[in-house]
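Visitor: Number 346 in the numbering used here belongs to position 346 of the sequence shown; there are no gaps in the numbering.
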Amino acid sequence: METNDSTCNGLENMDVEDEGFSLLEKPKNDGTQIADPSDLKFTEVRVSPENLKKAKTIKDYLDTTENPSVEKLREFAISDGGLIDDNLRKTGWPGLLGITPDSIEPAPSETDLRSHPEFGQVVLDVNRSIKRFPPGIPYDQRVALQEQLTNLILRVITKYPHLRYYQGYHDVAITILLVVGEDMAFRIMEKLSTEHLRDCMEPTMEKTSYLLNYIFPLINHLSPELHRHIDRSRAGTMFCLPWFLTWFGHSLNHYKDVVRLYDFFLASPPLMPLYLTAVIVFHRKAEVLEADCNMASIHCLLSQLPDELPFEDLIIQAMKLYSKLPPHVAEAGVKERIKKEKKLQDAEDAARKAVIRRNQFRGLRRQIERFVPNGRAQLFILAVSFAMGLYAYLKANTDYPIR
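(1) Select from Thr65, Ile58, Pro68 and Ser69 the residue whose C-alpha is nearest the C-alpha of Asn87.
(2) Can you tell me which of the three DSSP states His254 falls into?
(3) For the stretch 293–346, which segments carrying the alpha helix (DSSP H) assignment without a break, of at least 4 residues, lie completely within its bounds, in sequence order?
(4) Along the chain, where does the alpha helix (DSSP H) that runs through Lys41 open and close?
(5) Any idea if His250 is buried or exposed, counting beta-carbon neighbours within 10 angstroms, 16 or more meaning buried?
(6) Between the C-alpha atoms of Leu113 and Val180, what's the straight-line distance to the nearest angstrom?
(7) Going by alpha carbons, who is nearest to Ser48 out of Leu266, Leu62, Asp80 and Asp63?
(8) Go ahead and pull the three-state DSSP assignment for Arg284.
(9) For Glu202, which residues of its own chain have a beta-carbon under 7 Å away from its beta-carbon, when the five flanking residues on both sides are left out?
(10) Answer yes or no: do Val279 and Val288 have a C-beta to C-beta separation smaller than 8 Å?
(11) Check for me: the alpha helix (DSSP H) holding Pro217 runs from which residue to which?
(12) Could you give the C-beta distance for Leu97 and Arg89, rounded to a whole number, given that I count them as a contact under 8 Å?
(13) Taking Cβ to Cβ, would you say His196 is nearer than 8 Å to Ile157?
(14) Among the candidates Ala354, Ala296 and Arg260, whose CA atom is the shortest distance from the CA of Val45?
(15) With a threshold of 8 Å on Cβ separation, who are the neighbours of Ala231 within its own chain once the five nearest residues in sequence on each side are excluded?
(16) By how many angstroms is the C-alpha of Asn294 removed from the C-alpha of Lys335?
(17) Can you grab the Cα-Cα spacing for the pair Pro327 / Thr277, in whole Å?
(18) How about Pro285 and Leu226: are their beta carbons less than 8 Å apart?
(19) Would you list, in sequence order, the uninterrupted alpha helix (DSSP H) runs of no fewer than 4 residues that lie entirely inside the stretch 151–212?
(20) Are the beta-carbon atoms belonging to Ile174 and Ser129 less than 8 Å from one another?
(21) Going by other Cβ atoms of all chains shown within 10 Å of its Cβ, with 16 needed for buried, is Gly168 buried or exposed?
(22) By how many angstroms is the C-alpha of Asp183 removed from the C-alpha of Pro106?
(23) Buried or exposed for Glu71, please, with buried defined as at least 16 other CB atoms from any protein chain shown within 10 angstroms of its CB.
(24) In this structure, does DSSP put Ile58 in helix, strand or coil?
(25) Can you list, in chain order, the residues of its chain with a C-beta nearer than 6 Å to that of Leu271? Leave out the 5 residues immediately preceding and following it.
(26) For Phe133, does the three-state DSSP call read helix, strand or coil?
(27) Let me know the secondary structure DSSP gives Ala291 once reduced to three states.
(28) Assuming contact is defined by CB atoms lying nearer than 8 Å, are Leu274 and Leu211 in contact in what I supplied?
(29) Would you say Leu241 and Met189 are within 8 Å of each other, going by their C-beta atoms?
(30) Would you report the Cα separation of Leu178 and Pro138, rounded to the nearest angstrom?
(31) Residues in the same chain with beta-carbon distance under 8 Å from Leu412, minus the five sequence neighbours each way, listed in chain order, please.
(32) Tell me where the alpha helix (DSSP H) around Ala77 begins and ends.
(33) Buried or exposed: Ser69, going by 16 or more other Cβ atoms within 10 Å of its Cβ?
(34) Distance, Cα to Cα, Asn359 vs Ala350?
(35) Could one say the Cβ of Leu276 lies closer than 8 Å to chain C's Cβ atoms, at least one of them?
(36) Can you tell which of His162, Asn253 and Asp60 has the C-alpha that lies nearest to the C-alpha of Arg198?
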């Protein structure tokens, strides 16, 4: 099965020993790097007769309904083919979020936007996102689109200073911008940033890291065998971090797949990307079980999404999984995993400290043997060993605090 990338996304930033992306050492905004994206293919898609009929149904509904029902739009967006084409999405996406085409508030001045502390990082990320723009567009149009994307992001985080920009946010913004245009894109990104993406825009990635761990009870529900294999590998959740932060917009090669998933996510609860993540991993069960059970192998395999995935089937499975194991039920498994991981990490920390103490003692023993006569050295070493052991015991025992 072909994958959309020849590298292991995020692996170059992993600390294999400390597993810096783990439950206990949460990745920070300035420490989580998402690899550069591959070229996004905008190939024309042949629409089936069934979806052509559906597109006409949607268009007729939007043309004849003054206030489209959010529930009806969700039905269109989730069912086979989603909203079909971008002309329908231009109206359907705002409608899914309850956004009406009211008057657009004026944007801040260029000076105000460029004085934002995140301006430099936003510009860097926007420049890196050129591969996600439609191919063959004139240079002037591309530059204008990059400027619109930069201003769009800065408008949101300027209006809501408590929201922190993260790498990957621009992948969501460019997808929305390409479909609905600059003014409506601001309205949509404003809504998403204060609702669906809010947890990702906190000062640290602690909440995001916590949420990513929902995939484990979900995978365990689908296949305990698969869950055990991934859990034993200590692969963690870094492989799916870009999927969650960007709604898969950074990781997929085909524009048609990106906008189809955005149809689904805009019509779904905020954690639905994690449910889709779980069913994608389950879909690849055979590959995962055949892979070596170690962190590097499992992370490398899972971080590379296959180029062709049956998204219509996967969407149905994700919805069924959400119905069977909603977030408030799955959270018990998340808390249990965090408790288990903390216990394991505490044991690993204790083992590392014990190694350090042994090495320190060996060095001390060599020094003593060099400068103290042999008979007395043995007695002195015995006394020091006893003292160090007693100190370690008392320090670890809260009932006998060292004063």
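Even glycine gets a Cβ: it sits at the ideal position worked out from N, Cα and C.
Guide: In this structure, then:
(1) The residue you call residue 87 lines up with position 87 of the sequence shown. The residue with the shortest Cα to Cα distance from Asn87 is Ile58.
(2) Numbered from 1 along the sequence shown, position 254 holds the residue referred to as residue 254. Assigned with DSSP and collapsed to three states, His254 falls in strand.
(3) For the alpha helix (DSSP H) assignment, the uninterrupted runs of no fewer than 4 residues enclosed by the stretch 293–346 are, from N- to C-terminal side, 295–303 and 311–324.
(4) The residue labelled residue 41 in the question sits at position 41 within the sequence shown. In the DSSP annotation of this structure, Lys41 is not part of any alpha helix (DSSP H), being labelled neither H nor E.
(5) On the sequence shown, residue 250 is found 250 positions in, with the first residue counted as 1. It counts as buried.
(6) Position 113 of the sequence shown, counted from the first residue, corresponds to residue 113. Position 180 of the sequence shown, counted from the first residue, corresponds to residue 180. Taking the Cα positions, Leu113 is about 22 Å away from Val180.
(7) Residue numbering aside, residue 48 sits at position 48 when the sequence shown is read from its first letter. Nearest of Leu266, Leu62, Asp80 and Asp63 to Ser48, Cα basis: Asp80.
(8) Start at 1 with the first residue of the sequence shown, and residue 284 comes out as number 284. The DSSP-derived three-state label of Arg284 is coil.
(9) Numbered from 1 along the sequence shown, position 202 holds the residue referred to as residue 202. Counting only Cβ-Cβ distances below 7 Å, and skipping sequence neighbours, we find Arg164.
(10) For the purposes of this step, residue 279 is taken as residue 279 along the sequence shown, with counting starting at 1. For the purposes of this step, residue 288 is taken as residue 288 along the sequence shown, with counting starting at 1. Cβ distance not < 8 Å, so Val279 and Val288 don't count as in contact.
(11) Translated into positions along the sequence shown, residue 217 becomes position 217. Under the DSSP assignment, Pro217 falls in the alpha helix (DSSP H) whose first and last residues are Ile215 to Leu222.
(12) Taking the sequence shown and counting its residues from 1, one reaches residue 97 at position 97. Taking the sequence shown and counting its residues from 1, one reaches residue 89 at position 89. Approximately 12 Å separates the beta-carbon atoms of Leu97 and Arg89; this is outside 8 Å, ruling out the contact.
(13) Position 196 of the sequence shown, counting from 1, holds the residue named residue 196. Position 157 of the sequence shown, counting from 1, holds the residue named residue 157. No, these two residues do not count as a Cβ contact at 8 Å.
(14) Within the sequence shown, residue 45 is the residue found at index 45, counting from 1. The residue with the shortest Cα to Cα distance from Val45 is Arg260.
(15) Sequence index remark: in the sequence shown, residue 231 carries index 231 (1-based). Correcting the residue identity first, residue 231 is Asp in this sequence and not Ala. The answer, listed in chain order, is Phe216.
(16) Residue numbering aside, residue 335 sits at position 335 when the sequence shown is read from its first letter. Residue numbering aside, residue 294 sits at position 294 when the sequence shown is read from its first letter. Roughly 24 Å between the two C-alpha positions.
(17) Position 327 of the sequence shown, counting from 1, holds the residue named residue 327. Position 277 of the sequence shown, counting from 1, holds the residue named residue 277. Spanning the two alpha carbons is a distance of roughly 14 Å.
(18) What you label residue 285 is simply residue 285 of the sequence shown in a count that begins at 1. What you label residue 226 is simply residue 226 of the sequence shown in a count that begins at 1. In the sequence under discussion, the amino acid at residue 285 is Lys, which differs from the Pro named in the question. Yes.
(19) Unbroken alpha helix (DSSP H) runs of no fewer than 4 residues, entirely contained in the stretch 151–212, are found at 169–180, 182–194 and 206–212, following chain order.
(20) Counting from 1 along the sequence shown, the entry for residue 174 is found at position 174. Counting from 1 along the sequence shown, the entry for residue 129 is found at position 129. For the pair Ile174 and Ser129, the CB atoms are nearer than the 8 Å cut-off.
(21) One-based indexing of the sequence shown puts residue 168 at position 168. Note on Gly168: 16 or more other CB atoms within 10 angstroms of its CB, so buried under the neighbour-count rule.
(22) By 1-based counting over the sequence shown, the position of residue 106 is 106. By 1-based counting over the sequence shown, the position of residue 183 is 183. About 10 Å.
(23) Numbered from 1 along the sequence shown, position 71 holds the residue referred to as residue 71. By the neighbour-count rule (16 or more Cβ atoms within 10 Å), Glu71 is not buried but exposed.
(24) Indexing the sequence shown from 1 puts residue 58 at position 58. Looking at Ile58 - three-state DSSP - the assignment turns out to be helix.
(25) If you number the sequence shown from 1, residue 271 lands on position 271. So the qualifying residues of the chain are Pro327.
(26) In the sequence shown, residue 133 corresponds to position 133, counting from 1. It is coil, neither helix nor strand.
(27) Here residue 291 corresponds to residue number 291 of the sequence shown, with the count starting at 1. Reduced to three states, the DSSP call for Ala291 is coil.
(28) The residue labelled residue 274 in the question sits at position 274 within the sequence shown. The residue labelled residue 211 in the question sits at position 211 within the sequence shown. Yes; because the gap between Cβ atoms is below 8 Å, this pair is in contact.
(29) Position 241 of the sequence shown, counted from the start, is the residue given in the question as residue 241. Position 189 of the sequence shown, counted from the start, is the residue given in the question as residue 189. No, the pair does not count as a contact, with Cβ atoms beyond the cut-off.
(30) Numbered from its first residue, the sequence shown carries residue 178 at position 178. Numbered from its first residue, the sequence shown carries residue 138 at position 138. Distance between the alpha carbons of Leu178 and Pro138: 15 Å.
(31) Since the displayed the chain opens at 1 and closes at 403, residue 412 lies outside it and no answer follows.
(32) The sequence position of residue 77 within the sequence shown is 77, counting from 1. That run of the alpha helix (DSSP H) goes Val70 to Ile78.
(33) In the sequence shown, the residue the question calls residue 69 occupies position 69. Exposed: under 16 other Cβ atoms inside 10 Å.
(34) Stepping through the sequence shown from its first residue, residue 359 is reached at position 359. Stepping through the sequence shown from its first residue, residue 350 is reached at position 350. Those two C-alpha atoms are separated by around 14 Å.
(35) The chain inventory of the structure shown lacks chain C, comprising one protein chain alone.
(36) Numbered from its first residue, the sequence shown carries residue 198 at position 198. Relative to the Cα of Arg198, the nearest Cα in the group His162, Asn253 and Asp60 belongs to His162.
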